[in-house]
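This is the structure:
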């Protein structure tokens, strides 16, 4: 068979077709959201959600920028907890991993077991909640950063595995030169582990940006709501509005549908912008993590 | 004892580096374990752990005698098993298909698209779903109307929801999961395919007789490890999509949403803790069983 014949055999075409259908199915809801966010409200009311609205408009975005202080506040909170949380979480995880990867440390395996047990037995949310309450973190911005997400034993093991793959001679020659573990960890091991650290920091950043669990569990103060939780609340409220009989004096003039979707788009924004990096590192990290366990 | 202290002093900086993580895990995991006793109390926030009245097994009886127990347990297991089967199936299929394609640009484009949903929160996904399923404006009902088929009020009928949830889980997770399988496939010895070519094997034969059997161990190990988690529902997913829509509970209410409501809405920490303890205990047993099977048949893949 010739190369051309092979390349365009029915089998290959079928494979391309299947994959393309999958990719389009993944894309459709996202394109839909984007189009609705730019759709004219009347068009939505007449035609429903559609990929081809009668008219486009920026009303949805205008409404957010004009009178949605709460969304901007939420954006600020989300950016803050993502930035601070990621840095803290990465620091905590990386320095711990260095010790676990150091064969000079006699109790490193005991320590690893200490962390590992918590991944096997999860006491559930009630003890966790009562502990956070006891620490006085309820309704505090720290509640959105510290009680969960800050540390994951799996991530620490992943960095440890990476550090263990670096040659021991690095550490030993540094010891001989009189360096201590602090210097070695920060000056040698952290820079060399950059690929693993980048992957983990992206895991953490995505985790913080998408988090609403901490907010729904631990925060009642509206000023502290992160963006994702505002979206959650907004949806419930708009669904409630929809259940009210229309016409009887409660016709809301706000372009509700396009505002909703515009809010979704600005929430996805940072992720979409970072996506090229995210994809590269996530794919690498996933592969490393799964192969080495 | 002196040996212990000498070791701590000798590597003082190394132990200092791991100390923050130790303290953190101690506080949020080990130190919180005593609060499990709340499950055996009529816990009162004002009285605290030491002064609340003891309830014996009353909280457990309350849960297991209610109709909720069977429903949430069954839904949790059913949904998780369905998620596991379908996500694995589609991820595997995507990986095998990708492996057949040589066009690098196409692979990049398709993978970029397929992975993107996994970076979105379930809240965002719930909005996207709303644009599909909304009664009045949703694209599905619009299409049904266009075709002259009777429209459905999706958010008030529990029956289609297991299917919808499984589809969304596949939509969100299969692309990312396929990456791991693709990596495993890439690791297969290329000479196997070359000799198959020499023997005149077709593409289909190579896919089903070489690729598939050779990644089955990876598939089995990952499935077993996930089997240990089937007693924990994806709270973020279920609550973002279903929320407090009680009409859909018969097919979608899971242990984690039940516990959440008991704690945060009903305000009964003891009941929540009892159900949580039931979940943790069975969850731990499942991890042991899954790991025992894995270790027995695939030594390298075991968790510990």
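Residue numbers (full-length UniProt numbering), protein chains in the order written: chain C, 1 to 293; chain E, 1 to 304.
In this text, a Cβ means the ideal position worked out from N, Cα and C, and glycines have one as well.
All of these numbers come straight from a predicted model, not from anything done at the bench.
Not flagged as an interface residue toward chain E: residue 84(C), since no C-beta distance is shorter than 8 Å.
Under the three-state reduction of DSSP, residue 39(C) is assigned to strand.
The residues 71 and 158, in chain order, have a CB closer than 8 Å to that of residue 250(E) in the same chain once the five nearest residues on each side in sequence are set aside.
Near chain C, meaning a CB-to-CB distance below 9 Å, the residues of the region 111 to 126 of chain E are 111, 112, 113, 114, 115, 116, 117, 118, 119, 120, 121, 122, 123, 124, 125 and 126.
For residue 83(E), the CB contacts under 6 Å within the same chain, skipping 5 residues up- and downstream, are 169 in chain order.
Residue 176(C) and residue 94(C) have their C-alpha atoms roughly 24 Å apart. Under the DSSP assignment, residue 27(E) falls in the alpha helix (DSSP H) whose first and last residues are 12 to 28. Between the region 54 to 62 of chain E and the region 151 to 168 of chain C there are fewer than three inter-stretch CB-CB distances shorter than 8 Å, so the stretches are not counted as touching. Taking CB atoms only, residue 28(E) has a neighbour in chain C less than 8 Å away.
The three-state secondary structure of residue 298(E), taken from DSSP, is coil. With contacts defined as CB atoms closer than 8 Å, residue 39(C) and residue 22(C) fail to qualify as a contacting pair. For residue 77(C), none of the residues of chain E pass the 9 Å Cβ criterion, the least Cβ distance being about 15 Å.
Residues of chain C whose Cβ lies closer than 9 Å to the Cβ of residue 153(E) do not exist, since the nearest Cβ in that chain is about 12 Å away. Residue burial is scored here from C-beta neighbours: residue 236(E) has at least 16 other C-beta atoms within 10 angstroms and is therefore classed as buried.
Residues of chain C with a Cβ closer than 9 Å to the Cβ of residue 269(E) are, in chain order, 126, 129 and 130. Interface with chain C (8 Å Cβ-Cβ cutoff): residue 38(E) is included.
For residue 68(E), the enclosing alpha helix (DSSP H) covers residues 67 to 99. Against residue 261(C), the close residues of chain E are 127 and 131, in the order they occur along the chain (beta-carbon pairs closer than 8 Å).
When rounded, the separation of the alpha-carbon atoms in residue 256(E) and residue 18(E) is 32 Å. Contact of residue 114(C) with chain E is assigned, a C-beta pair being separated by under 8 Å.
At least one CB atom of chain C sits nearer than 8 Å to the CB of residue 136(E). Under the criterion of beta carbons closer than 8 Å, residue 69(E) and residue 274(E) do not qualify as touching, at roughly 11 Å. Beta-bridge analysis with DSSP links residue 228(C) to no other residue. Taken through DSSP and simplified to helix, strand or coil, residue 41(E) comes out as strand.
Nearest neighbour of residue 158(C) by Cα position, chosen from 28(C), 51(C), 17(C) and 115(C), turns out to be 115(C). The three-state reading of DSSP puts residue 54(E) in strand, counting E and B together.
Less than 8 Å separates the beta-carbon of residue 103(C) from that of residue 168(C). Put simply, of 28(C), 9(C), 41(C) and 11(C) the residue whose alpha carbon is nearest the alpha carbon of residue 260(C) is 41(C). Of the candidates 141(C), 208(C) and 162(C), the residue whose Cα lies closest to the Cα of residue 194(C) is 162(C). Considering only 223(C), 217(C) and 74(C), the residue with the shortest C-alpha distance to residue 264(E) is 217(C).
Per DSSP, reduced to three states, the secondary structure at residue 121(C) is coil, with no helix or strand assignment. According to the DSSP secondary-structure assignment, residue 56(C) is paired through a beta bridge with 39(C). Chain-order list of chain C residues neighbouring residue 279(E): 122 and 124, by C-beta distance under 9 Å.
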